[in-house]
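2 protein chains.
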Amino acid sequence: MLSQRLLLALLSFLVPASALWPLPRQISTGNSTLKLARNFDIKISLRNAPKDLQDAVSRTKGRLQSDKLERLVVGRGGADAQAVRGGRATLSGLTLSLLDGAPVRSISEEAVVDVVSRSEGYVLHVPSDGSAAVLRANSTLGLLRGLSTFEQLWYDSDGTTYALGAPIDITDSPAYPYRGFMLDTARNFFPLSDIKRTLDAMSWVKINTFHWHVVDSQSFPLVVPGFKELSDKGAYSPTSVYTPSDVKDIISYAAARGIDVIAEIDTPGHTSVISKSHPEHIACPEATPWGSFANEPPAGQLRLASPGTIDFTTKLIKAASKMFSSKFFSIGGDEINTNCYNNDAQTQTDLAGRTFEEALDTFTQATTGALKENGKVPVVWEEMVLEHNVTLPKETVVMVWISSEHVAAVAQKGFRLVHAASDFFYLDCGGGGWVGDFASGNSWCDPFKTWQKSYSFDPTASLTAEQANLVLGGQHLLWTEQSGPENLDPVVWPRAASSAELFWTGPGQDAGAALSRLHDVAYRMRKRGVNAIALQPQWCALRPGACDLTA
Amino acid sequence: MLSQRLLLALLSFLVPASALWPLPRQISTGNSTLKLARNFDIKISLRNAPKDLQDAVSRTKGRLQSDKLERLVVGRGGADAQAVRGGRATLSGLTLSLLDGAPVRSISEEAVVDVVSRSEGYVLHVPSDGSAAVLRANSTLGLLRGLSTFEQLWYDSDGTTYALGAPIDITDSPAYPYRGFMLDTARNFFPLSDIKRTLDAMSWVKINTFHWHVVDSQSFPLVVPGFKELSDKGAYSPTSVYTPSDVKDIISYAAARGIDVIAEIDTPGHTSVISKSHPEHIACPEATPWGSFANEPPAGQLRLASPGTIDFTTKLIKAASKMFSSKFFSIGGDEINTNCYNNDAQTQTDLAGRTFEEALDTFTQATTGALKENGKVPVVWEEMVLEHNVTLPKETVVMVWISSEHVAAVAQKGFRLVHAASDFFYLDCGGGGWVGDFASGNSWCDPFKTWQKSYSFDPTASLTAEQANLVLGGQHLLWTEQSGPENLDPVVWPRAASSAELFWTGPGQDAGAALSRLHDVAYRMRKRGVNAIALQPQWCALRPGACDLTA
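If you read the protein sequences in the order shown, they are chains A and B.
According to UniProt numbering, the stretch in the first sequence is residues 1 to 551, in order.
According to UniProt numbering, the stretch in the second sequence is residues 1 to 551, in order.
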């Protein structure tokens, strides 16, 4: 009764190097077992190796010691005991070097260069004869990516750290330059420790962008120099804030892990909380019934037609974007409610005969102009180009969120885009409605988006070859109506790893075959203190394919 | 624009004693603010107060110190600062006593008496003039329930512990005697610390039964005296087990918190793992395709027609049920797959002309007979009475799980029942499919069951008045295909609190009005180390009613 599928699953289980995630684009493996020497060391063959590369090496060495992950097979570590005892070769070292002519820059510098010219590729050779392993790249960022791969090779059997499938040869680089994760820290607040733990987990699966939806209508936790009143009055509490030094901390923590931080001040909608300190700038603040004035409570939008508000907003965008080192900064632009403006006498006066769309164009030119002065490229939500025809710099990046069916329309406008579609990548779906007094309510993006769903996404479906070049990549997103520090890890991991592989390895992989590797990701994350959830009963996790529908 | 609903919400927000959960059946409150004296103490007015009551008092005193929950209103603790400063009365003591003639037994003894005669009622009087509060009950168990209520009265404002709405008079007792929570520790394993934390949280909302689905086809973590080989071969690892001393620990921990532990050895289905140590007793072990032999992998059922297997099973049930102090023990009985037996030559031989149903009846009489010898009452899943017509003791308790629509049919058979219906009380729904290679798969009990859904349940719908007497209560259930220690708290809390109130306070309460109290439950749980999730953005949690659909 051994089906072909089960046979294939058993074969994949015999090639343990395939537990790597994301799967390298080129890999060849052998049949040898390789032990990690007790005195194993990692050498950086570089003069003046950057401090953050040295730190990355230290973290890798630490994890090689502390992961102690037993392989996910029946019998766990014990199943490999004989192979490990029999294995003769012992790996005593890994040497890191840059390819000839590559500039020596820190990971942190490389992590924030223009996304399309970012260099994340690497070549890793792990011999089976005990000679030193070699990791080469064109950048320290590439070396970091190679270290993440190297870390995933190792398992524990009764105290011995070993890899199977040596010699291992990997030549790797991402299919898409942008692989992100978005976190909303406004609907519910997340302490720095949660964000840092998330950045760590992101780096393990080579996600390179943290899209930080830092403020929204519900709260304003970002302390912006010169605009301290916004967080003083708008944060959930005096301690529920991100100070400039916190932001620096996050940026440098992220950059050292190869992650660019794209912050967002969503405008002109999603700004109700600004009314707490600047009532003069907000139309329809907390107006009821909220359903008439906003997509979710509380209502309130920047008075986009008022010269004073434009001045305030451009200065805020300028000050906020200056806090971040990324080339990109998001000015949002989603879910603008026209009824709010229609009912706001001040806005009607300020329009002075102009249409709402004309005023929005002026407003947006002001905010993108402010970004330009800071040398930043705007990121916007899809409505800015699909529902409103505002003037935007050609290099603007558009995030497609409402539906993956809108991708072609954005591409037709000639803008670069990031996949962030609710029907594939929203992590908050499936948890039922959060609006009160609505017992039968679903979350608007129901049903639950499984990891298989996002994994099955085709980034260039419905695009011409030329349009396909506009796709920078994609990301999972966590809106936090029903999330907080309590469920951050379980709601994000390992699901967000599925887009990490999709946009690194490329689409078209088989989810059924990938499942056993994703189990590996989740089990290893748990060893590292990230509460990634079980995708199956452990019985299934130890028996690749045995819980398939067709098994 | 202040709707009537919002007005009602604002009113409820002015009566903070209503943050109690479950809502007492009778409560009256006043308008005074009451501070907790620094030297506040709880006295037990009993000769030879049981140790577990003394411990419960210590825990309450500890939580009064450590909760430090600021009230969920705009401004949090600061909003009450003036009232707290102005409050003159200070509560220096709470006195616990039993009503005249009540026997002095420990909480642990009271927690396991026959569920229908269990005494959980209490009377609590908290005066507003500074004189001592009084808690009276007919049992130490009732005193424990009163302590849980008393703990929920207190908030923190800048270091001062205070209650609003004094004087407070409460006369309380549960609408239903059985209020449970079921955990499956077989599909994925949970360490003792997770179970204990869950028992704590259960006791805070007066849940009185832990239904422990301890073993299943995937793993056998229970170490049963005389049957050690089952866990030796069937546990996920040598440390993923519950030893007899662990079980004793759980039972006494639970009992001290007023919780009865009903363990389950599911038979004759859901027993595949027994084949690891006793292949002679299992039909179709791990047969493929599993879908033909079981509802989920791995297949495998006890050879119910074999005299040797009946002997083995009765001895196992006897030994396992002896480990637990509860009057109840579940022998399961769900999802028996006849195709498995039809294809098992041994079973066909053993049937020797009997029908499968006849053999099942003999098997069940043997297992219930074993329970009877131990003085235990059987608990079974609904199929045992609805799909099979086996002989069962009249006092057997039937758990209705497949659908709430089956309740009437069970009641018609005259059996006592517990509501455990998948369409209202399954916590594992909504997370997508877990079966491999099935990208579009939903979990079978999709969609997600919100707390509002379970809260809206009517325990006696479709029952006659006489049949309604058969309803013991109900419970939430967590099957753990996609759950483990990583997401235990977030997937359970605060949702499971909704059935706790439903079956304590009684049905028919308004979920919209209850939401603000449930926020209180979740925020307080977090203060106590239980990761209860956010039900809404904090903006909404601080503004009762403001995020209602009709606000």
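Here a beta-carbon is modelled for each residue, glycine too, at the ideal position from N, C-alpha and C.
Just so you know, these numbers come straight off a predicted model, no measurement behind them.
{"query": "6 Å Cβ shell around Asp-446 of chain A - same chain, five flanking residues per side excluded", "result": "Cys-429, Gly-430"}
{"query": "Leu-7 of chain A, DSSP secondary structure in three states", "result": "Confidence is the limiting factor: at Leu-7 of chain A the pLDDT is only 42, short of 50, which leaves the residue's position unreliable, though a coordinate-based value still follows. The answer is helix: DSSP assigns Leu-7 of chain A an H, G or I state."}
{"query": "Cβ-based burial, Asn-138 of chain B [other Cβ within 10 Å; buried from 16]", "result": "buried"}
{"query": "Where the alpha helix (DSSP H) through Asp-311 of chain B begins and ends", "result": "307-322"}
{"query": "C-alpha distance - Gly-506 of chain A paired with Pro-174 of chain A, whole-angstrom precision", "result": "8 Å"}
{"query": "According to DSSP, residues forming a beta bridge with Ala-133 of chain B", "result": "B:Leu-94"}
{"query": "Cβ-based burial, Met-1 of chain B [other Cβ within 10 Å; buried from 16]", "result": "Its pLDDT being 36, under 50, Met-1 of chain B is placed unreliably in this model, and the value from its coordinates should be taken loosely. Label assigned to Met-1 of chain B: exposed."}
{"query": "C-beta contact flag for Val-261 of chain A and Ser-325 of chain A at 9 Å", "result": "yes"}
{"query": "Residue environment, Asn-531 of chain B, which counts as buried when at least 16 other CB atoms sit within 10 Å", "result": "buried"}
{"query": "CA-to-CA distance, Pro-393 of chain A to Asp-361 of chain A, given in whole angstroms", "result": "12 Å"}
{"query": "CB contact check: Ser-440 of chain B to chain A, cutoff 9 Å", "result": "yes"}
{"query": "Exposure of Lys-318 of chain B, with buried meaning 16 or more beta-carbon neighbours within 10 Å", "result": "buried"}
{"query": "DSSP state of Leu-147 of chain B mapped onto helix, strand, coil", "result": "helix"}
{"query": "Given Val-214 of chain A as reference, the closest of A:Asp-114, A:Met-182, A:Lys-206 once Cα atoms are compared", "result": "A:Met-182"}
{"query": "Close Cβ partners of Val-407 of chain B (< 6 Å) along its chain, the five nearest in sequence each way excluded", "result": "Val-400"}
{"query": "Collapsed DSSP secondary structure at Asp-520 of chain B in the structure displayed", "result": "helix"}
{"query": "Three CB pairs or more closer than 8 Å across the region 189-201 of chain B and the region 286-305 of chain B", "result": "no"}
{"query": "Residues near Lys-233 of chain A in its chain [Cβ-Cβ closer than 7 Å; skip 5 each side]", "result": "Lys-276, Ser-277"}
{"query": "Alpha-carbon to alpha-carbon, Asp-246 of chain B and Ile-282 of chain B", "result": "28 Å"}
{"query": "Below-9 Å beta-carbon distance, Thr-464 of chain A vs any chain B residue", "result": "no"}
{"query": "Where the beta strand (DSSP E) through Gly-332 of chain B begins and ends", "result": "328-332"}
{"query": "Cβ-Cβ distance between Leu-477 of chain A and Val-491 of chain A below 9 Å", "result": "no"}
{"query": "Val-385 of chain B: CB within 8 Å of a non-hydrogen atom of the ligand PLP", "result": "In terms of ligand content, the structure shown is empty, and the ligand PLP therefore cannot be addressed."}
{"query": "Delimiting residues of the alpha helix (DSSP H) encompassing Ser-245 of chain B", "result": "244-256"}
{"query": "Phe-363 of chain A (DSSP reduced to helix, strand or coil)", "result": "helix"}
{"query": "is_contact[Trp-444 of chain B, chain A] using C-beta, thresh 9 Å", "result": "no"}
{"query": "Secondary structure of Phe-13 of chain A, DSSP reduced to three states", "result": "Summary for Phe-13 of chain A: the model assigns pLDDT 42, below 50, so the residue's position carries little reliability; its value from the coordinates is reported in the next sentence. Of the three classes helix, strand and coil, the one that applies to Phe-13 of chain A here is helix, per DSSP."}
{"query": "C-alpha distance - Asp-55 of chain A paired with Leu-96 of chain B, whole-angstrom precision", "result": "59 Å"}
{"query": "Euclidean distance between Cα positions of Ala-9 of chain A and Asp-510 of chain A", "result": "Because Ala-9 of chain A carries a pLDDT of 43, less than 50, the predicted location of this residue cannot be relied on, and no value is offered for it."}
{"query": "Contact residues within the region 332-362 of chain B, judged by C-beta distance below 8 Å to chain A", "result": "none"}
{"query": "Partner residues on chain B for Gly-269 of chain A, Cβ-Cβ distance less than 7 Å", "result": "By Cβ distance, chain B contributes nothing, its closest Cβ being about 16 Å from Gly-269 of chain A, past 7 Å."}
{"query": "Limits of the unbroken alpha helix (DSSP H) element including Ser-422 of chain A", "result": "422-425"}
{"query": "Inter-residue CB distance, Asn-337 of chain B and Gly-269 of chain B (contact presumed, cutoff 8 Å)", "result": "6 Å"}
{"query": "Assigned secondary structure, Glu-280 of chain A (DSSP; H/G/I helix, E/B strand, else coil)", "result": "helix"}
{"query": "Residues, ordered as in the chain, of the region 455-481 of chain B that lie near chain A by beta-carbon distance below 8 Å", "result": "Tyr-455, Ser-456, Thr-480, Glu-481"}
{"query": "Inter-residue spacing [alpha-carbon to alpha-carbon] between Ser-12 of chain A and Gly-300 of chain B", "result": "A caution first: Ser-12 of chain A carries a pLDDT of 43, below 50, which makes its placement in the model too unreliable to give a value."}
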